[in-house]
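A.B. asks: Supplied in structure tokens, the structure appears directly below.
In the working numbering, the protein residues as written are 413 to 671.
What follows is the structure in structure tokens.
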């Protein structure tokens with residue numbers, strides 16, 4: 413399917429690896445020029461060059477934490493009039509809620525609620541004036557299915573979800589959509605869990621881990637960043653203009669609900 417976004421410009425936050433990288437690749441495949449971002453400049457540069465080589469699109473790298481106001485300014489300077497914004501940021505580490513002090517809680521809310529709102533504030537007006545905009549926020553299935561130990565992530569992302577539910581309806585008539593993708597169990601570094609730096613997972617250990625983790629997923633497998641990215645790209649397409657203010661679980665059927 414031609415997504416109708418060839419030549420559009422997309423800012424994809426936290427896109428040097430994992431789900432953000434999957435989204436960047438899918439948008440590049442659809443013909444979008446990109447501004448990519450990541451904390452590790454070397455990994456970001458490698459990802460950016462791979463995308464240039466594969467798809468021949470323009471890719472600008474902005475290293476650093478997307479929650480840093482200076483990095484946000486650099487992202488917006490690199491793409492002053494973006495057509496697409498994919499908000500993504502790492503979540504707080506697994507931690508019992510009793511271990512959270514005020515600063516940790518504030519950091520979690522800034523990273524997973526305030527930062528995407530700030531970026532949306534910066535771009536949504538221009539999108540509305542130009543008559544096209546696609547905003548996708550990568551949140552988490554924990555918004556629907558709370559996970560003890562990820563309470564801060566769940567709370568901040570749920571706050572973002574509720575905050576934007578009303579905002580999405582104010583710009584829909586100008587062909588600007590705001591939707592959220594809720595990843596379940598996808599095969600990323602975060603799901604692989606803690607490991608020693610430089611360690612390599614054996615093929616046997618990898619198969620055992622994936623089988624164990626995906627046992628309760630109806631699809632009986634982990635999702636991939638690539639297929640996650642393709643769903644993101646569709647939400648950013650010209651075909652998705654009548655879909656806004658929605659939460660899309662990407663979880664292989666793990667979240668059980670008839671409505």
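Quick reminder that beta carbons are idealized off the backbone N, C-alpha and C, glycines included. Note that the structure is a prediction, hence the values are computed from the model and not measured.
Report whether the distance from the Cβ of residue 632 to the nearest heavy atom of the ligand GTP is below 7 Å.
C.D. replies: The ligand GTP is not among the ligands present in this structure, which contains no ligands whatsoever.
A.B. asks: Taking its Cβ as the centre, do 16 or more other Cβ atoms sit within 10 Å of residue 543, making it buried, or is it exposed?
C.D. replies: Residue 543 should be labelled exposed.
A.B. asks: If you scan the stretch 501-525 from start to end, which runs of the alpha helix (DSSP H) of 4 or more residues do you find wholly inside it?
C.D. replies: DSSP runs (the alpha helix (DSSP H)) wholly in the stretch 501-525: 514-521.
A.B. asks: Identify whether residue 627 lies in helix, strand or coil by the three-state DSSP scheme.
C.D. replies: Three-state result, residue 627: coil.
A.B. asks: Can you tell me which of 414, 552, 541 puts its alpha carbon nearest to the alpha carbon of residue 499?
C.D. replies: Ranking 414, 552, 541 by Cα distance to residue 499 puts 552 first.
A.B. asks: How far does the beta strand (DSSP E) with residue 445 in it reach, from first residue to last?
C.D. replies: Note, residue 445: beta strand (DSSP E), 445-450.
A.B. asks: Assuming residue 354 and residue 445 form a contact by the criterion Cβ under 8 Å, report the distance between their Cβ atoms to the nearest whole angstrom.
C.D. replies: This structure leaves residue 354 out entirely; the chain is present only between 413 and 671.
A.B. asks: Reducing DSSP to helix, strand and coil, say where residue 539 ends up.
C.D. replies: Here residue 539 sits in helix by DSSP.
A.B. asks: Comparing C-alpha positions only, which one of 663, 631, 471, 570 sits nearest to residue 447?
C.D. replies: Ranking 663, 631, 471, 570 by Cα distance to residue 447 puts 471 first.
A.B. asks: For residue 440 versus residue 469, is the C-beta spacing smaller than 8 Å?
C.D. replies: Cβ atoms of residue 440 and residue 469: closer than 8 Å.
A.B. asks: Smallest Cα separation from residue 568: which of 639, 501, 670?
C.D. replies: The shortest Cα separation from residue 568 among 639, 501, 670 belongs to 501.
A.B. asks: Expressed to the nearest angstrom, what Euclidean distance is found between the alpha-carbon atoms of residue 635 and residue 596?
C.D. replies: For residue 635 and residue 596, the distance between alpha carbons rounds to 8 Å.
A.B. asks: Contact between the stretch 618-631 and the stretch 639-657: three or more CB pairs below 8 Å?
C.D. replies: The stretch 618-631 is not in contact with the stretch 639-657.
A.B. asks: With respect to the beta strand (DSSP E) encompassing residue 473, which residues constitute its N-terminal and C-terminal limits?
C.D. replies: Counting along the chain, the beta strand (DSSP E) containing residue 473 begins and ends at 471-475.
A.B. asks: Could you give the DSSP three-state label for residue 589: helix, strand or coil?
C.D. replies: Strand.
A.B. asks: Three Cβ pairs or more, each shorter than 8 Å: is that satisfied between the stretch 611-630 and the stretch 576-585?
C.D. replies: As far as the Cβ criterion goes, the stretch 611-630 does not touch the stretch 576-585, which means the pair count is below three.
A.B. asks: Grab the span of the beta strand (DSSP E) containing residue 422 for me, first residue to last.
C.D. replies: Segment 421-424, the beta strand (DSSP E) holding residue 422.
A.B. asks: Rounded to the nearest angstrom, how far is the Cβ of residue 424 from that of residue 436, given a contact under 8 Å?
C.D. replies: The Cβ separation is near 4 Å, so the contact holds.
A.B. asks: Among 669, 663, 657, 479, which residue has its Cα nearest to the Cα of residue 520?
C.D. replies: Checked all of 669, 663, 657, 479; the closest Cα to residue 520 is 479.
A.B. asks: Give me, in chain order, the residues of the same chain whose beta-carbon lies closer than 8 Å to that of residue 463; leave out the 5 immediate sequence neighbours on both sides.
C.D. replies: Correct list, in chain order: 436, 437, 440, 446, 448, 469, 471.
A.B. asks: Looking only at its own chain, which residues have a Cβ that is under 7 Å from the Cβ of residue 600, when we skip the five neighbours before and after it?
C.D. replies: Within the same chain, residue 600 has close Cβ partners 430, 431, 637.
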